[in-house]
Amino acid sequence: MPPKLRRRSTGAALSHAASGEEAPKSSETTPAPAAAASGRWTRSRSARSHLGLDSTEHPRVSDSAVVVGGGGRTDDPDQAPARAAPKKSESAAAAGPVPKKKKTTAVGASTRLASRPLPGRYPDYPDLQPGQNALSNKYMSAVENWMTECSRISKLEKQAHHKNIPTLRDEPKDPRTADAVVSSQDKAMVRRVACSVVGVKTQKPDGELVSQCTGIVVGLDGVNKCAKILTAASLVCDFEGELHDPTLMLSVHLPNKVVTEGRLLHFNVHYGVALLEILGDFQLQVPSFGLSTNYGEDVFVLARDESMSLMVRHGKISWLHYPMLWNNHCMFLSCDIPQGASGGPVIDHDGKFIAIALDNNPSPVVIPVSTIRTCIDMWLQFSRVARPILGMQLEAVELLDVSRQEELCRDYNVTDGFIVNQVNVHSTAETLGIRRGDVIVFQDTDSCTSPQLEDYLLSLGWGYLQGISLTVDLKVEVHNLMDSYRESITFPLQFSDASRRLSVRMPNRKITEGRLLFFNVHYGIALLEVMGDFQLQVPSFGLGINYGQDVFALARDENNSLMVRHGTISWQDYLGLLSNHYMFLSCDIPEGGSGGPVVDPGGNIIGIAFDINPGPVVISITAIRTCIEMWHQFSRVARPMLGVQLKAVELLDVSVQEELSLDYNITDVRRLPPFSWLGYLRGISSTVDLKVEVHNLADSYKESITFPVPFSDASKRDEQ
79 MPPKLRRRST GAALSHAASG EEAPKSSETT PAPAAAASGR WTRSRSARSH
129 LGLDSTEHPR VSDSAVVVGG GGRTDDPDQA PARAAPKKSE SAAAAGPVPK
179 KKKTTAVGAS TRLASRPLPG RYPDYPDLQP GQNALSNKYM SAVENWMTEC
229 SRISKLEKQA HHKNIPTLRD EPKDPRTADA VVSSQDKAMV RRVACSVVGV
279 KTQKPDGELV SQCTGIVVGL DGVNKCAKIL TAASLVCDFE GELHDPTLML
329 SVHLPNKVVT EGRLLHFNVH YGVALLEILG DFQLQVPSFG LSTNYGEDVF
379 VLARDESMSL MVRHGKISWL HYPMLWNNHC MFLSCDIPQG ASGGPVIDHD
429 GKFIAIALDN NPSPVVIPVS TIRTCIDMWL QFSRVARPIL GMQLEAVELL
479 DVSRQEELCR DYNVTDGFIV NQVNVHSTAE TLGIRRGDVI VFQDTDSCTS
529 PQLEDYLLSL GWGYLQGISL TVDLKVEVHN LMDSYRESIT FPLQFSDASR
579 RLSVRMPNRK ITEGRLLFFN VHYGIALLEV MGDFQLQVPS FGLGINYGQD
629 VFALARDENN SLMVRHGTIS WQDYLGLLSN HYMFLSCDIP EGGSGGPVVD
679 PGGNIIGIAF DINPGPVVIS ITAIRTCIEM WHQFSRVARP MLGVQLKAVE
729 LLDVSVQEEL SLDYNITDVR RLPPFSWLGY LRGISSTVDL KVEVHNLADS
779 YKESITFPVP FSDASKRDEQ
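So this is what it looks like as structure tokens:
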């Protein structure tokens, strides 16, 4: 028989004391601690304690002391002296009541728990004593006191529960999320993917919300400490591709509620997606990518609300097609998506990222992951997406109801292909004779659905981006059901690599499509690209721009005719502008002249003119060339954020200059060191320390300080 084990648990004794039961009288049982034996936390002492409002300050135990071995105290458990096993009497003494002068505890956290106040307890309703009238003043007064006390305790409870913690909520924050994810396996899978789901917002400088979407992490760069976020293009532009107000603040809200600044890299209105970048060492994950998106597939849509709480919807990829949509790549959801979910990931039951959800009419749509991956790859390699331009809206024969499929097969010998629902005016398809109601079979691919066809045609855009060819010839069989014949033709497929349509008019009046590469609102400039063999020239660049310099401002009107204005660089400054890089023209510039070159009498470009209030301004060629160099090397501009609007002493009138020199010994201002932005863009430092001497004229002293200049590499305007 194995020896009987001794019971040496202080917790058991505490349990008996707390419950009011008598502890077993055994020498083997450890006596209860003094705190429990006294009934300090269980025994009612007064009417206030009966109501749960006992304000007696209970003795607290030490947070720093620890129990070592069978007894004793030390502040450093690692330095506790070794000792032999305690005797039976020593063991009992060690486990017995702890003297008040030696306040010890085994776990520091228990001290905090023991010091928590008791929850409020409502008093019992006053009893009606024998022979007492329920309407008597004494009894009514007791009832009134009872109601007052209950009201007071209720208020205290509300104050104690002011924090919105999830364990105190009776109902789920979003009941539809609770209904969408039921099983433990699905919950674990969704939580794993949720680590990659972020919220993205655009706000006005005053904080007013303009647009809210959801994003998914699609790339991490541990070396440069940045992450790429895929979201909906509606965050940054409208349906036509027109960018929202560039002064809007773009913020990314991470799952841990950290908010960071986002930077727009690319967007494409046709596919409805945008790629952002955030800088920082964040604990984010890239989800697993699925291979395809299939009709009828069971899916979850993940999103984040305005407080960044997770929202989920459960549905299927519908076997539907809406002919009124011109986008052949869209698939449709059987469920709706919550507000702010546009740009959120669509995942399968394995947690694979298979599509992105977009809020669209008449129903939410999804963009398949295969299309998304091609867009991202094209962006990363060529900074643009070469999308196919069919000029037709198609519907797959596979999605027709079975009766129409039988009719097409029996009467026209059509078993697959795509029905032409709409043909664009003046498109290549219309020129080739393709009409509404025809059936097209693409002989170079076995694609049987519109998204599959879009992926195939999009893959042909790599040759366009690599400069191999501007078009791709497709072999197409057209079934003319109206006249009962079929014909094989060659369809020259064109591509567009513009996120939105920009037209550039050449000096010879030819018009070509332009593509936006970069833009920066702070400096007011943008860089475009045109493709083609044009007879153009690069002008000579000047070394700088000087006040009082004689200049010409060149522009073109709506007919592309040349316009010129003559003036000088003014010796003036306007304190109302927060941009320290502006210089001002003495002449006006014509309508449409913003962005035109400012040249010296030798024909060298020394700046770019802009039409703003209170007068036309010029950006120096030195600032422009630095921006272009940054764009080419780092795809962004690191501009200094001084946070102050400055005026050069050199521009003051001579009397003020004399006063500053005589009275304050101020004669000039030293120039900033060049190339200070390289450290920021190369990740060496986030700020540059400038040695600054500040003259406090009001108190007549000067002081040398170190000014840490931060930088912003966002294209939009930042808060000063």
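In this text, residue positions in the sequence shown follow the working numbering: the first is 79, and each later residue adds one.
Cβ atoms here follow ideal geometry from the backbone N, Cα and C, with glycine treated the same way.
None of the values given here were measured: they were computed from a predicted structure.
Assigned secondary structure, residue i (DSSP; H/G/I helix, E/B strand, else coil)
{"i": "H710", "result": "helix"}
{"i": "D479", "result": "coil"}
{"i": "N201", "result": "One detail in the question is off: residue 201 reads as Pro in this sequence, not Asn. In the structure shown, P201 sits in coil (DSSP, three-state: anything other than H, G, I, E or B)."}
{"i": "V364", "result": "coil"}
{"i": "G541", "result": "helix"}
{"i": "M584", "result": "coil"}
{"i": "K780", "result": "strand"}
{"i": "M609", "result": "coil"}
{"i": "A604", "result": "strand"}
{"i": "F460", "result": "helix"}
{"i": "S412", "result": "coil"}
{"i": "M225", "result": "helix"}
{"i": "C46", "result": "Absent from the structure is residue 46, since the part of the chain shown begins at 79 and ends at 798."}
{"i": "V727", "result": "helix"}
{"i": "S122", "result": "Confidence is the limiting factor: at S122 the pLDDT is only 38, short of 50, which leaves the residue's position unreliable and the question unanswerable from this model."}
{"i": "Q530", "result": "helix"}
{"i": "D141", "result": "Only weak support exists for where D141 lies, its pLDDT of 41 falling under 50; the coordinates are left without a value."}
{"i": "S219", "result": "helix"}
{"i": "K233", "result": "helix"}
{"i": "T493", "result": "coil"}
{"i": "P570", "result": "strand"}
{"i": "A687", "result": "strand"}
{"i": "S312", "result": "helix"}
{"i": "T700", "result": "helix"}
{"i": "R190", "result": "helix"}
{"i": "Q485", "result": "First, the residue type needs correcting, since residue 485 is Glu and not Gln in the sequence shown. It is helical."}
{"i": "C304", "result": "strand"}
{"i": "P718", "result": "strand"}
Host beta strand (DSSP E) of residue i (start-end)
{"i": "P446", "result": "443-446"}
{"i": "S420", "result": "Per DSSP, S420 belongs to no beta strand (DSSP E) and is neither H nor E."}
{"i": "V390", "result": "388-394"}
{"i": "E318", "result": "It is not in any beta strand (DSSP E) - E318 carries neither H nor E in the DSSP assignment."}
{"i": "Q471", "result": "470-474"}
{"i": "R643", "result": "640-646"}
{"i": "D376", "result": "376-382"}
{"i": "A352", "result": "351-357"}
{"i": "E508", "result": "Segment 506-509 is the alpha helix (DSSP H) holding E508; no beta strand (DSSP E) there."}
{"i": "F619", "result": "Neither: F619 is in no beta strand (DSSP E) and is coded neither H nor E."}
{"i": "A435", "result": "431-436"}
{"i": "L632", "result": "628-634"}
{"i": "L328", "result": "327-331"}
{"i": "N346", "result": "337-346"}
{"i": "Q281", "result": "275-281"}
{"i": "L768", "result": "765-774"}
{"i": "R514", "result": "R514 -> no beta strand (DSSP E), and no H or E assigned at all."}
{"i": "N558", "result": "549-558"}
Exposure of residue i, with buried meaning 16 or more beta-carbon neighbours within 10 Å
{"i": "P786", "result": "exposed"}
{"i": "W457", "result": "buried"}
{"i": "I647", "result": "buried"}
{"i": "N211", "result": "exposed"}
{"i": "F789", "result": "buried"}
{"i": "A310", "result": "buried"}
{"i": "R382", "result": "buried"}
Nearest-angstrom Cβ-Cβ length linking residue i and residue j, presumed shorter than 8 Å
{"i": "L606", "j": "L595", "result": "6 Å"}
{"i": "V554", "j": "D516", "result": "Contact doesn't hold; Cβ gap of about 10 Å is too wide."}
{"i": "G277", "j": "L234", "result": "Actually they do not touch by this definition, with Cβ atoms about 36 Å apart."}
{"i": "I518", "j": "V498", "result": "6 Å"}
{"i": "R391", "j": "R254", "result": "7 Å"}
{"i": "C291", "j": "G393", "result": "Not really, about 19 Å apart at Cβ, beyond 8 Å."}
{"i": "I467", "j": "Q544", "result": "Wrong, their Cβ atoms sit about 18 Å apart, outside the cutoff."}
{"i": "A701", "j": "I667", "result": "Not confirmed; about 18 Å, so no contact."}
{"i": "I415", "j": "P423", "result": "About 11 Å separates the two Cβ atoms, so there is no contact after all."}
Residue range of the alpha helix (DSSP H) that includes residue i
{"i": "M267", "result": "262-272"}
{"i": "Y22", "result": "In the structure as shown, the chain starts at 79 and stops at 798, and residue 22 therefore has no counterpart that could be examined."}
{"i": "A258", "result": "253-258"}
{"i": "E591", "result": "That residue, E591, is in no alpha helix (DSSP H); its beta strand (DSSP E) goes 589-598."}
beta-carbon residue i near the ligand GTP non-hydrogen atom, thresh 6 Å
{"i": "L332", "result": "Within the structure as shown, the ligand GTP is missing, as the structure has no ligands at all."}
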